[in-house]
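Going by this note's numbering, the sequence shown opens with residue 13, and the numbers climb by one from there. Just so you know, even glycine gets a beta-carbon here, dropped at the ideal spot from N, CA and C. None of these values were measured; they are calculated from a predicted model. Structure first, commentary second.
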Amino acid sequence: MNALMKGSSRMNSKVVDTAVAAVADISSGATLAVGGFGLCGVPDALIAAITEGRATDFEVFSNNCGVDDYGLGILLSAGRIARVTASYVGENKEFARQYLGGELEVELIPQGTLAERLRAGGAGIPAFYTPAGVGTPISDGGLPWRYASDGSVALASPPKEVREFGRRRYVLEESIVADFALVHAAVGDTEGNLVFEKSAMNFNPLVAMAGRITIAQVERLVPAGELDPAHVHLPGVFVQRIVHTGAQEKRIEKRTVRQEATR
């Protein structure tokens, strides 16, 4: 029996005992699609398990790169990420330092484009046309992907194909298919069917579709057949491994409080 499946009730079970076992075959240079939106729905246990290993030089596709001490920010601080494709990175000071210092390659793209590139990858669509970014450096090229140590641009984005349909211009975007996808769900069953909680649905289902091997951490694991099919957000056909990690810490990205009124 494969070591990843040790302790499972069936030879072909998708259930894995621990997060460390679930990510054990992720090697250096792998491409990772990672779910989450801000600090919501982040597969933190799986990221922490990868950090415990030695694999490095990851190429990451994610809406954002976490914060300095949480989520992908942990892998980033450890110097284990070589390239990031994301739509928002403003909450991570270490990210900015590595990018501007020439240590990290970064492709910034519109958020909707990232979502559709992930969905298209899962649907088997190699590329698509979108109006988002036409007439900007997104389509024309020249965005700094990597800086040199002296602050000059070492690598810039290339121009993309633009075509006109119905008198409107569209830019060609290629889909994303990653070696592994890491997602967090509120509930999953032993066949990999997943239910996401509120804002955690923003990117987790799309990320799960885009992975050749999708690994899901779930707060609650139930037997196959217990979930109402009408309530399943992502069918198990997209999930290869599932691990029960229990309740997740609910973090607040920015806490704002009102000053007490003075008389």
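- Within the DSSP secondary-structure output, residue 183 pairs in a beta bridge with 142 and 174.
- Beta-bridge partners of residue 43 (DSSP): 71.
- C-alpha of residue 114 to C-alpha of residue 121: approximately 19 Å in a straight line.
- Residue environment for residue 62: buried (at least 16 other C-beta atoms within 10 angstroms of its C-beta).
- Residue nearest to residue 60 within the set 73, 38 and 49 is 38 (criterion: CA-CA distance).
- One alpha carbon belongs to residue 51, the other to residue 196, and they sit about 11 Å apart.
- Per DSSP, residue 192 is one residue of the beta strand (DSSP E) stretching across 190 to 201.
- The segment 65 to 74 and the segment 249 to 263 do not touch, with fewer than 3 CB-CB distances between them shorter than 8 Å.
- Distance from the CA atom of residue 126 to the CA atom of residue 188, rounded to whole angstroms, is 9 Å.
- Just measuring C-alpha positions, the residue of 151, 272, 227 and 155 sitting nearest residue 36 is 227.
- DSSP places residue 229 in the uninterrupted beta strand (DSSP E) bounded by 223 to 234.
- Straight through space, the alpha carbons of residue 257 and residue 249 are spaced by roughly 21 Å.
- The three-state reading of DSSP puts residue 107 in helix, counting H, G and I together.
- Closest by C-alpha distance to residue 42, out of 119, 224, 247 and 245, is 224.
- For residue 268, the number of other beta carbons within 10 angstroms of its own is below 16, and it is reported as exposed.
- With fewer than 16 other beta carbons inside 10 angstroms of its own, residue 148 counts as exposed.
- If the five residues before and after residue 157 are omitted, its C-beta is found closer than 7 Å to the C-beta atoms of 117, 118, 119, 167, 168 and 169, all from its own chain and listed in chain order.
- When the beta-carbon positions are compared, residue 68 and residue 92 come within less than 8 Å of each other.
- Residue 184 counts as exposed, since fewer than 16 other C-beta atoms from the protein chains shown sit within 10 angstroms of its C-beta.
- Residue 87 places its beta carbon less than 8 Å from that of residue 70.
- Comparing alpha-carbon positions, the option among 34, 234, 78 and 31 lying closest to residue 53 turns out to be 78.
- A Cβ-Cβ distance of about 7 Å is found for the pair residue 171 and residue 151, placing them in contact under the 8 Å criterion.
- Judged by their CB atoms, residue 255 and residue 34 are nearer to each other than the 8 Å cut-off.
- Of 81, 123 and 90, the smallest CA-CA separation from residue 100 is found for 123.
- Cβ neighbours of residue 186 within its own chain (closer than 8 Å, five residues either side excluded): 129, 138 and 139.
- Per DSSP, the beta bridge partners of residue 120 are 98.
- Under the DSSP definition of a beta bridge, residue 165 partners with 159.
- Assigned with DSSP and collapsed to three states, residue 246 falls in strand.
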